[in-house]
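Protein chains in written order, with the numbering used here: chain H, 1 to 336; chain W, 1001 to 1394.
Even for Gly, the Cβ is constructed at its ideal location relative to N, Cα and C.
Report on the following structure.
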Amino acid sequence: MDFLNAIVLFCNFVLVPATTYGAQLALGALGITVIYRILRFANFAHSELMSWGAMLTLFMTWYLQSVGIHAGPLPTALLALPVGILGAIAMALTTERTVYRFYRKQRASSITFAIVSVGVMFVMAGLTRFMIGPGEQVMADGQRFLIKAVEFKRMTGLDEGLAIKTTQVITIAAAIAMAGFLFWFLYRTRSGKAMRAFSDNEDLALLSGINPDRIVAIAWILAAILATLSGTLYGLDKSYKPFVFMQLLLPIFASAIVGGIGQPVGAILGGFVIAYSEVLLTYAYRKFVTYLAPGDWKPEGLLQLLSTDYKFAISFIILVIVLLIRPTGIIRGKLL
Amino acid sequence: MMKKFICSVVGIVLSSGFAMADDVKIGILMGFTGPIESLAPDIAAGGELAISEVSDSGMLLGGHSVVAVRGDSTCVDAAAATAAAERLVTSDGVAAINGANCSGVTTAVLNNVVLPNGIVMISPSATTPALSTAEDNGLFFRTAPSDARQGQVMANILGSRGITSVAVTYTNNDYGKGLADSFQSAYSGAGGEITTSVSHEDGKADYSAEVATLASAGGEVLVVIGYLDQGGKGVIQASLDNGAFEAFMLPDGMVGESLTDAFGTDINGSFGTRPGTDSPGATMLSDLAGSSFKASGPYAGESYDASALILLAMQSAGSTNSADFKSHVEKVANAPGEKIYPGELAKALKILADGGEIDYVGASAVELIGPGESSGSYFEVEVKKGTFEKVANH
């Protein structure tokens, strides 16, 4: 019984939240990786594109709720997603047209692009806060829990509860579906193959008649879809607050680089490595060990490796270690 | 035209200088600029209302009039606050100071101006527990309660509910840390067990890691010292989501409608503290102030009380000299005696002049304890059917 309690405790506080968080990071990192692969720069504005897409989805959600359309047990935001995605695509293509294209024609260096994207990030962040305000908004509706902690306790008779939120399941399912779609698109479709060719050797691709503007546009569309999806899922799982997306930027970048930037598989892998490290290293194992230890023995301290205040520092440390030891990331990607 | 101008200039000079040779001056040292500049005007107006009330009565020490002199304590700049206080004392010659506003500058003014000059100062709004133990030669008082008091009240409430083990999380700033520290010492002193104390940063979207730590440490209730629209709410959300805690203790920063709007009946049985009193003084001050200022604003009532206590102590001692009347502040503030509410200062002055005793209640139900600070009145509130309800007074 104690063994089961320990497992349930671990699932409730480590496994389920870390897996959800990993899926959210993986979706974000995929967006960074797609842009990096085609345009060869670190797109700092990606997190604000997530915020933008999620905001539009939220507006649409409010509209749907006001006319009485609901998605039953699922959050209404899922129905509103297409609108958010279209808005994010429009935003991404507008910045590409008005800002990035200018530097692309000049063949600016990737560091110039990165700095330009920081500027775009601030403009987008300001626009978002201007439109929806800096406050916190609740996105989720419908049935909040798949299993409630209290119900789980009653069902199993265990001392520990396990809570699984609807949004957590949706997040993981959406991440798997989106990753699958991206692989199918890149490796099976004509456009995807053209994109890969363009990223491997730009000059050769141009010679064989690939239209660079089209490739770039497709890359932005993919990034916008990924951004809106990850932004909305993050907002559903936690809550929508414009300021938190800036904080997400670091772990997302860490995920993309740790996994190997430019590699879609690497982005997913990196997302889970970062998420599990953050959660596993800051979890206090006292209760877990108490259940497993024989008799009534109880550890004195909390058995916590790092205080939760250092959560973000963990992404930094992993990032530094990876850049020092294996700069290409786990799956050999490009060098930043 | 010129004649009128000269007349008015002479008039102003006369009225501000010579004519008031035996006027009593009270310094109003508030944070007119800086982080609380939106609150300071109401706080100052509260203090000045009591002064004009006493002045108009013409009964202070046989008919002295009283004038308020403003100074800017800035709330954050200790050097500027000290300079302003110095000016009030040496150049304006105030008999006592109503101020200052924030804990840090109040401490600086206490050390650099109040002690060397031997002037009485009563702060309406400095709440840091550190001021309770500061050296003050009996010159410093406050009509605001120390956060140590709230920590004590929280410990008492837990004790009366028979809760012996709690986990604590606090927002990572001076308020959170100060209150968490005072609560910890009060609760541990009463034999309660604090399983862990974890800080949280405001403005994050996700507090599940903090809650996981708190859950692992355990405890019957989670004490959330934070802000109800910020991290405090996030911590409660995460705790409810993964079933870590079902009941919470909520101090003043967490008690408000937006919390019950967000969680409703999910936090039934949670309880907390809210500063306040059933005393009719607060509404009486509001009626008295009318539309001239917002008397229900934070610390406006405390400021009225600070000025009133200074002047009543002078009357009681029969002197405007701080060394003489400093020992009378607590005497007029506490029982025994006739209870005095806002608007009744003339009556109080008369009682004191006739040799009687008063128990000043004022707008904030003043009761000075220990090192000359307000005992602080708190409501114990509990969430019942998704709304906060008063259950007791402390």
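Looking at the DSSP output, T57(H) sits in no beta bridge, so it has no partner there.
Contact annotation for P17(H) against chain W: S1208 [CB-CB distance below 7 Å, chain order].
The distance from the Cβ of E48(H) to that of W220(H) is about 14 Å, inconsistent with a contact at the 8 Å cut-off. Under the three-state reduction of DSSP output, S199(H) falls in the helix class.
Collapsing the DSSP output to three states places Q1152(W) in a helix. Of the candidates E1338(W), L1312(W) and Y1341(W), L1312(W) places its Cα closest to the Cα of S1327(W). In terms of CA proximity to G1027(W), A1306(W) leads the group F1379(W), A1306(W) and A1215(W). The C-alpha of L306(H) is placed about 40 Å away from the C-alpha of A80(H). By the Cβ criterion, the segment 1347-1355 of chain W is not in contact with the segment 1131-1148 of chain W, since fewer than three pairs of Cβ atoms, one from each stretch, lie closer than 8 Å. Here the alpha carbons of M50(H) and S1123(W) stand approximately 48 Å from one another. Against chain W, a Cβ distance below 7 Å from Q304(H) picks out T1213. In this structure, the CA atom of L1222(W) is about 45 Å from the CA atom of L1345(W).
Y285, R286, K287, F288 and L302: these are the residues of the segment 285-302 of chain H whose beta carbon lies less than 8 Å from some beta carbon of chain W, given in chain order.
Under the rule that a run must span 4 or more residues, the alpha helix (DSSP H) segments found entirely inside the segment 13-82 of chain H read 16-39 and 46-66. Relative to the Cα of A90(H), the nearest Cα in the group L58(H), W52(H) and G231(H) belongs to W52(H).
Around the beta-carbon of G1272(W), 16 or more other beta-carbon atoms lie within 10 Å, marking it buried.
Assigned with DSSP and collapsed to three states, R1142(W) falls in strand.
Comparing C-alpha distances from P1280(W) to each of A1078(W), G1031(W), A1365(W) and G1118(W) shows the shortest one belongs to A1365(W). Look at the segment 1163-1175 of chain W: it has no residue with a C-beta under 7 Å from a C-beta of chain H. When secondary structure is reduced to three states using DSSP, E1135(W) falls in the coil class, being assigned neither helix nor strand. A direct Cα-to-Cα measurement between N1321(W) and S1377(W) gives close to 31 Å.
Check the Cα spacing between L1049(W) and each of N1393(W), A1295(W), S1132(W) and E1373(W): the tightest is with A1295(W).
Between the segment 161-181 of chain H and the segment 9-20 of chain H, the count of C-beta pairs closer than 8 Å reaches three or more; the two stretches touch. Proximity of F13(H) to chain W, defined by a Cβ-Cβ separation below 9 Å, is satisfied.
Taken atom to atom, the span from the alpha-carbon of I1036(W) to that of L186(H) is near 57 Å. Distances from the alpha-carbon of L27(H) to those of L233(H), I325(H) and D296(H) put L233(H) closest.
Counted as a single uninterrupted DSSP element, the alpha helix (DSSP H) harbouring F288(H) occupies residues R286 to L292. Here the alpha carbon of L1115(W) sits roughly 10 Å from the alpha carbon of M1121(W). The alpha-carbon of L182(H) is positioned some 39 Å away from that of F288(H). Among the residues of chain H, none has a CB under 9 Å from the CB of A1365(W); the nearest is roughly 35 Å distant. Between V1076(W) and V1105(W), the CB-CB gap stays under 9 Å. N1393(W): member of the beta strand (DSSP E) spanning T1387 to N1393, first to last residue. Closest in C-alpha terms to G1058(W), from the list G1031(W), D1023(W), A1289(W) and G1071(W), comes D1023(W). Annotated as distal: I318(H) and V279(H), with beta-carbon spacing of 9 Å or more.
At a cut-off of 9 Å between beta carbons, Q247(H) contacts chain W.
Of S1374(W), V1153(W), Q1315(W) and F1245(W), the smallest CA-CA separation from I1267(W) is found for F1245(W).
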